[in-house]
Amino acid sequence: MPVRVSCTIGALVVAGALTVGCDRSAPLPETVYLRISGMHCESCVAALTDALRAVPSALEVGVSLEGECARVVLAVDGAEASRALEVVEAVTGLGYGATPTEAPCEVPDSEARDG
Ligand SMILES: [Cu+2]
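According to the working numbering, the sequence shown is numbered sequentially starting from -4.
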């Protein structure tokens, strides 16, 4: 079934143990990648991570200083376009530049790394 491309992220989150196929009625997490400009040190990363975590629909946040990018997993329940916008605004509100991108962002395991 070729539908599964749009469901990849949901499948990832459920750890691959699901029967292929996607329940469209359930809110699926969506991953948003951003190119970030203006970061220069770990405290920039920490500030951005905090701001992104404060986005109500953000489930998971990772920021890469080296890659100058961020990865945010969002709970999506219909209004997908506006969610990405919230994320961009969280970044630009701090004075950094944010551009949504298709290119995946390699994020260090920020949940495990204790600051
Ligand atoms: Cu900094």
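All C-beta atoms in this analysis are idealised placements derived from N, C-alpha and C, irrespective of residue type, glycine included.
Roughly how many angstroms lie between the CA atoms of residue i and residue j, to the nearest whole one?
i, j, result
"Thr94", "Leu80", "10 angstroms"
"Val27", "Val67", "5 angstroms"
"Glu55", "His35", "22 angstroms"
"Gly88", "Glu101", "23 angstroms"
"Val50", "Leu43", "11 angstroms"
"Gly92", "Asp45", "16 angstroms"
"Met(-4)", "Arg78", "Because Met(-4) sits at a pLDDT of 41, beneath the cut-off of 50, its placement in the model cannot be relied upon, and the following sentence gives the value as read from the coordinates. Each residue's alpha carbon lies about 28 angstroms from the other."
Tell me the residue span of the alpha helix (DSSP H) that contains residue i.
i, result
"Cys39", "37 to 48"
Pull up the CB-CB distance for residue i and residue j, whole angstroms please, since I reckon it's below 8 angstroms.
i, j, result
"Val82", "Leu29", "7 angstroms"
"Ala98", "Leu47", "Not confirmed; about 18 angstroms, so no contact."
"Ser124", "Glu61", "It is not possible to answer for residue 124, since the shown part of the chain is limited to -4 through 110."
Grab the span of the beta strand (DSSP E) containing residue i for me, first residue to last.
i, result
"Gly92", "92 to 96"
"Val196", "No answer is possible for residue 196: the residues shown for the chain start at -4 and end at 110."
"Glu25", "24 to 32"
"Leu69", "64 to 70"
Sorry if obvious, but does the Cβ on residue i come closer than 7 angstroms to a heavy atom of ligand 1?
i, result
"Cys39", "yes"
"Cys36", "yes"
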